[in-house]
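Line by line, the protein sequences are chains A and B.
For the first sequence, the working numbering assigns the number 551 to the initial residue and increments by one for each residue that follows.
For the second sequence, the working numbering assigns the number 551 to the initial residue and increments by one for each residue that follows.
There are 2 protein chains.
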Amino acid sequence: MFTYQYPHPAVTVDCVVFGLNDRELNVLLIQRDLEPHRGSWALPGGFIKMEEDLGAAARRELEEETSVRDLYLEQLYTFGAPDRDPRERVITVAYMAIVNLIEHPATAATDARNAAWFRADDLPKLAFDHAGILAMAMDRLRAKVRYDPIVFEFLPEKFTLREVQNIYEEILGMTLDKRNFRKKLLSTETLARLDEVEMDVAHRAAYL
Amino acid sequence: MFTYQYPHPAVTVDCVVFGLNDRELNVLLIQRDLEPHRGSWALPGGFIKMEEDLGAAARRELEEETSVRDLYLEQLYTFGAPDRDPRERVITVAYMAIVNLIEHPATAATDARNAAWFRADDLPKLAFDHAGILAMAMDRLRAKVRYDPIVFEFLPEKFTLREVQNIYEEILGMTLDKRNFRKKLLSTETLARLDEVEMDVAHRAAYL
Chain A
551 MFTYQYPHPA
561 VTVDCVVFGL
571 NDRELNVLLI
581 QRDLEPHRGS
591 WALPGGFIKM
601 EEDLGAAARR
611 ELEEETSVRD
621 LYLEQLYTFG
631 APDRDPRERV
641 ITVAYMAIVN
651 LIEHPATAAT
661 DARNAAWFRA
671 DDLPKLAFDH
681 AGILAMAMDR
691 LRAKVRYDPI
701 VFEFLPEKFT
711 LREVQNIYEE
721 ILGMTLDKRN
731 FRKKLLSTET
741 LARLDEVEMD
751 VAHRAAYL
Chain B
551 MFTYQYPHPA
561 VTVDCVVFGL
571 NDRELNVLLI
581 QRDLEPHRGS
591 WALPGGFIKM
601 EEDLGAAARR
611 ELEEETSVRD
621 LYLEQLYTFG
631 APDRDPRERV
641 ITVAYMAIVN
651 LIEHPATAAT
661 DARNAAWFRA
671 DDLPKLAFDH
681 AGILAMAMDR
691 LRAKVRYDPI
701 VFEFLPEKFT
711 LREVQNIYEE
721 ILGMTLDKRN
731 FRKKLLSTET
741 LARLDEVEMD
751 VAHRAAYL
């Protein structure tokens with residue numbers, strides 16, 4: 551079999567999967583059961599097979615390690631610092647996805663001791679350069695929610711503006727001015743104000 | 551030396567370098583002097599070295615093949631379809647840059663028979679999947695100019711609105727409505743209208 555006369559690195563895929571519900575941003579992690587970094591938490595991922603596309607490898611590894619499947623993974627960035635793996639040169643193609651937390655429970659499988667959702671603001675120390683990969687994915691997510699109404703996919707059909715603001719504040723990691731936020735949100739014309747109020751709130755019920 | 555017990559693909563970098571002047575969009579290409587696709591035109595690029603970062607490999611290959619250097623390369627996307635190279639699995643990390651055409655003449659060097667700037671709307675057939683890589687870079691460039699005033703870096707200090715519109719039309723590949731374009735452009739407050747007119751134009755001299 552022909553091989554080019556240049557050194558060949560190992561190539562992996564890694565997945566940053568964000569899980570949203572109506573108030574929390576979570577990240578899907580696995581606990582490694584193999585060296586290096588055995589026992590550490592890490593992004594789900596693994597080595598590509600020679601006959602599969604990069605995106606297919608990402609979907610396969612994610613399902614094998616966490617049972618999470620049927621989601622849209624987009625390529626994020628390729629990380630290739632020569633020393634990012636302690637053993638040999640490993641280049642990793644990172645993917646990201648945003649899913650509804652409730653629809654995607656995590657269950658550990660091959661190569662992973664454990665798989666679980668973690669609150670994005672309370673993560674364990676991650677193996678390899680995975681903290682850096684996650685940070686870039688977080689930047690991409692924040693850029694996305696600023697121009698794309700993806701957040702609404704994770705809210706129930708009827709919701710209050712306070713609930714929308716909560717989830718934006720959770721993702722952006724900052725407190726937003728209530729008046730400016732509402733003005734901007736309502737100017738996008740994606741929402742309709744209903745003549746209903748919350749039923750289970752005693753004081754100052756909010757419009758839906 | 552330790553190596554993971556998984557098959558290792560070859561890994562390359564490829565560079566899409568756009569060259570702009572005040573009226574033309576160009577793409578930097580090399581003519582291959584090695585198999586496969588010997589004699590075909592292609593994006594500058596090549597195999598990574600084990601000790602270098604991906605971005606460093608892209609800069610090195612670009613300079614080796616075209617003499618073009620000192621530019622900002624950003625990572626575009628990683629292409630890894632199993633059959634994209636006829637010989638073995640080769641994954642390529644693509645980079646892109648936008649430079650001033652006048653400041654970056656192209657000269658062929660190692661592994662390349664020839665290096666040259668081509669008009670973006672009149673390109674030769676490209677080797678491998680390079681037409682697809684270029685198409686993605688073109689999309690990224692068009693998205694960029696829609697929200698970022700990068701085009702002005704490639705215009706002289708004083709210019710007419712017609713000149714700006716020309717270069718936008720060249721990049722976007724479409725004719726723009728003159729009134730809407732001017733309205734939008736002047737509303738961005740990045741420009742100052744001068745009380746000067748073009749001196750070498752006999753009829754209807756334009757404001758600068």
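Think of the CB as a built atom: it goes at the ideal place given N, C-alpha and C, for glycine as much as any other residue.
### Query
Counting along the chain, where does the beta strand (DSSP E) carrying ASP564 of chain B start and finish?
According to the DSSP assignment, ASP564 of chain B belongs to the beta strand (DSSP E) that extends over 560-570.
### Message
On a Cα-Cα basis, can you pick out the residue from B:ARG619, B:LEU626 and B:LYS733 that is closest to ALA685 of chain B?
### Response
Checking every option, the nearest Cα to that of ALA685 of chain B belongs to B:LEU626.
### Task
State yes or no: is the beta carbon of ARG582 of chain B nearer than 8 Å to at least one beta carbon in chain A?
No, ARG582 of chain B does not count as interfacial toward chain A.
### Task
Please work out which residues of its chain come closer than 6 Å, Cβ to Cβ, to LEU705 of chain B, disregarding the five sequence neighbours upstream and downstream, and give them in chain order.
If we look at LEU705 of chain B and ignore the five residues flanking it on each side, its Cβ neighbours are ASP572.
### Task
Leaving out five residues on either side along the sequence, give the residues of the same chain with a beta carbon under 8 Å from the beta carbon of CYS565 of chain B.
Same-chain partners within the cutoff: LEU578, LEU593, PRO594, GLY595, ALA608, GLU611, LEU612, LEU623, ALA644, TYR645, MET646 and ALA647.
### Query
Can you name, in chain order, every residue of its own chain whose Cβ lies under 6 Å from the Cβ of ASN597 of chain B, other than the five neighbours on each side?
The residue asked about is misnamed: residue 597 of chain B is Phe in this sequence, not Asn. Cβ within range, chain order: THR562.
#### Entry: Chain-ordered chain A contacts of GLU602 of chain B [CB-CB under 8 Å]
What GLU602 of chain B touches in chain A: PRO632.
### Task
Anything in chain B within Cβ reach of TYR556 of chain A, meaning under 7 Å, just list it in chain order.
Neighbourhood of TYR556 of chain A in chain B, by CB distance below 7 Å: ALA560 and PHE597, in chain order.
### Query
Are THR628 of chain A and ILE580 of chain A close, meaning C-beta to C-beta below 8 Å?
Between THR628 of chain A and ILE580 of chain A, the gap from beta carbon to beta carbon reaches 8 Å or more.
#### Entry: is_contact[TYR718 of chain B, chain A] using C-beta, thresh 8 Å
No, no contact with chain A.
### Message
With a threshold of 8 Å, are at least 3 pairs of Cβ atoms found where one atom belongs to the stretch 716-724 of chain A and the other to the stretch 691-708 of chain A?
### Response
Because the criterion of three Cβ pairs below 8 Å is met, the stretch 716-724 of chain A and the stretch 691-708 of chain A touch.
### Message
For a contact defined as C-beta to C-beta under 7 Å, what are the partners of VAL695 of chain A on chain B?
### Response
Within chain B, no C-beta atom comes less than 7 Å from the C-beta of VAL695 of chain A; the nearest is roughly 16 Å away.
### Task
For PHE552 of chain B, count neighbouring Cβ atoms within 10 angstroms of its own Cβ and tell me buried if that reaches 16, exposed if not.
Exposed, because fewer than 16 other Cβ atoms sit within 10 Å of the Cβ of PHE552 of chain B.
### Task
Look at PRO559 of chain A and ILE641 of chain A and say whether their C-beta atoms are less than 8 Å apart.
Yes.
### Message
So that I know if they touch, is there some Cβ in chain D lying closer than 8 Å to that of ILE641 of chain B?
### Response
No chain D is part of this structure, whose protein chains are labelled A and B.
### Task
Give every residue of the same chain whose Cβ lies closer than 8 Å to the Cβ of THR738 of chain A, excluding the five residues on either side of it in the sequence, and list them in chain order.
Same-chain partners within the cutoff: PRO699.
### Query
Between ALA665 of chain A and ALA677 of chain A, is the Cβ-Cβ spacing less than 8 Å?
Their beta carbons are not under 8 Å apart, which means ALA665 of chain A does not touch ALA677 of chain A by this criterion.
### Query
Going by Cα to Cα distance, which pick from B:LYS733, B:ASP679 and B:ARG743 is closest to GLU707 of chain B?
Of the listed residues, the one whose Cα sits closest to GLU707 of chain B is B:ARG743.
### Query
From the beta carbon of THR553 of chain A, is the nearest beta carbon of chain B less than 8 Å away?
Using a CB distance cut-off of 8 Å, THR553 of chain A counts as an interface residue toward chain B.
### Task
Return the CA-CA distance between TYR556 of chain A and ASP603 of chain A, expressed in angstroms with no decimal places.
In a straight line, the C-alpha of TYR556 of chain A is about 22 Å away from that of ASP603 of chain A.
### Query
What are the start and end residues of each continuous alpha helix (DSSP H) run of 4 or more residues lying completely inside the stretch 598-632 of chain B, in chain order?
Within the stretch 598-632 of chain B, the complete alpha helix (DSSP H) runs of at least 4 residues are 604-616.
### Task
Taking only runs that begin and end inside the stretch 632-706 of chain B, name each unbroken beta strand (DSSP E) of 3 or more residues, in chain order.
Correct list: 640-650 and 662-669.
### Task
Identify the contact partners of GLU613 of chain B in chain A, using a Cβ-Cβ distance below 9 Å as the criterion.
Simply none; closest approach about 18 Å.
### Query
Under three-state DSSP, which class holds ARG743 of chain B?
ARG743 of chain B falls in the coil class under three-state DSSP.
### Message
Does chain B have any CB closer than 8 Å to the CB of GLN625 of chain A?
### Response
At a cut-off of 8 Å between C-beta atoms, GLN625 of chain A counts as an interface residue with respect to chain B.
#### Entry: Under 8 Å between C-beta atoms of TYR554 of chain B and GLU638 of chain A
At a Cβ-Cβ threshold of 8 Å, TYR554 of chain B and GLU638 of chain A count as neighbours.
### Message
One question on the structure: do ALA662 of chain A and ARG582 of chain A come within less than 8 Å of each other, judged by their Cβ atoms?
### Response
Yes; because the gap between Cβ atoms is below 8 Å, this pair is in contact.
#### Entry: Short Cβ contact (8 Å threshold) for LYS728 of chain B with GLN715 of chain B
Judged by beta-carbon spacing, GLN715 of chain B lies within the 8 Å limit of LYS728 of chain B, meaning their Cβ atoms are closer than that value.
### Query
How would you write the range of the beta strand (DSSP E) that ARG582 of chain B sits in, first residue to last?
From DSSP, the beta strand (DSSP E) with ARG582 of chain B extends over 575-582.
### Query
To the nearest angstrom, how far is it from the Cα of PRO674 of chain A to the Cα of ASN576 of chain A?
Computed Cα separation, rounded: 12 Å.
### Query
For chain B, is any of its Cβ atoms less than 8 Å away from the one on GLU638 of chain A?
Judged by the 8 Å Cβ criterion, GLU638 of chain A is in contact with chain B.
### Task
Establish whether the CB of THR660 of chain A and some CB of chain B are separated by less than 8 Å.
Taking 8 Å as the CB threshold, THR660 of chain A stays off the interface with chain B.
### Query
Of all the CB atoms in chain B, is at least one closer than 8 Å to the CB of THR725 of chain A?
Taking 8 Å as the threshold, the shortest C-beta distance from THR725 of chain A to chain B does not fall below it.
### Message
Just to make sure I have the definition right: I need the residues of chain B whose C-beta is within less than 9 Å of the C-beta of THR738 of chain A. Which are they?
### Response
Among the residues of chain B, none has a CB under 9 Å from the CB of THR738 of chain A; the nearest is roughly 17 Å distant.
### Query
Can you list the residues of chain A that THR628 of chain B reaches, using a CB-CB cut of under 8 Å?
Going along chain A in sequence order, the residues near THR628 of chain B (Cβ under 8 Å) are LEU604, GLN625, THR628 and VAL643.
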